[in-house]
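K.L.:
So that we are looking at the same thing, I have put the structure below in structure tokens.
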Amino acid sequence: MTNALIKVEKILDFYDVPQLFTARDNFDTLYLCLLYTDVPECRYTGIRISSKRINAFLSGKTDLREIMLHPESDGEYFEIAMNNNEYYIDSELTVPLAEDRLPEEGYSFCADEKENVVINIPVADRGLLMDIIKKFGWACM
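If you read the sequence shown in this note's numbering, its first letter stands for residue 217, the second for the next number, and so on.
Encoded structure:
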């Protein structure tokens, strides 16, 4: 499955560009993608991952290196390329990962940070949004 478009679901780590994110393809398969180079373009190593395993990572029960070294689909890695702000599965990698593609030991997800969500709402519906914000106590900018 090369040149398949994947859509970013959640960015887990960001520094100038997404460093780690989850994405889904047209078949709703979940992928975990880790940046390994951003010169001359962003390239990622991706693996298929189950919801159970990503939840274990997000709750801090397992570290990223363990997940990347032992994907659920044994030895199945994907080259993910970014082109025109869209992500594609460029090719399948079947060799063991090189050390420069792996995170350091002990990298676990810190879920203490609050998540920001941006929603674009038509002007006509902004009054309704303000009512919802008042009711639930959300912050709005």
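We treat Cβ as the ideally placed atom computed from N, Cα and C, and that holds for glycine.
Kindly list the residues whose CB is nearer than 7 Å to the CB of Met298, restricted to its own chain and excluding five residues on each side of it in sequence; keep chain order.
P.N.:
Glu257 and Cys258
K.L.:
Which residues mark the beginning and the end of the beta strand (DSSP E) in which Phe237 is found?
P.N.:
Val233 to Arg240
K.L.:
So is Leu251 buried or exposed if we call it buried at 16+ other beta carbons inside 10 Å?
P.N.:
buried
K.L.:
Where Leu246 and Phe237 are concerned, what is the direct C-alpha to C-alpha distance, given to the nearest angstrom?
P.N.:
10 Å
K.L.:
Below 8 Å, can you find three or more Cβ-Cβ pairs linking the stretch 309 to 323 to the stretch 337 to 349?
P.N.:
no
K.L.:
Tell me the DSSP bridge mates of Tyr252?
P.N.:
DSSP output for Tyr252 lists no bridge partner at all.
K.L.:
Going straight from the alpha carbon of Glu295 to that of Asp341, what length do you get?
P.N.:
42 Å
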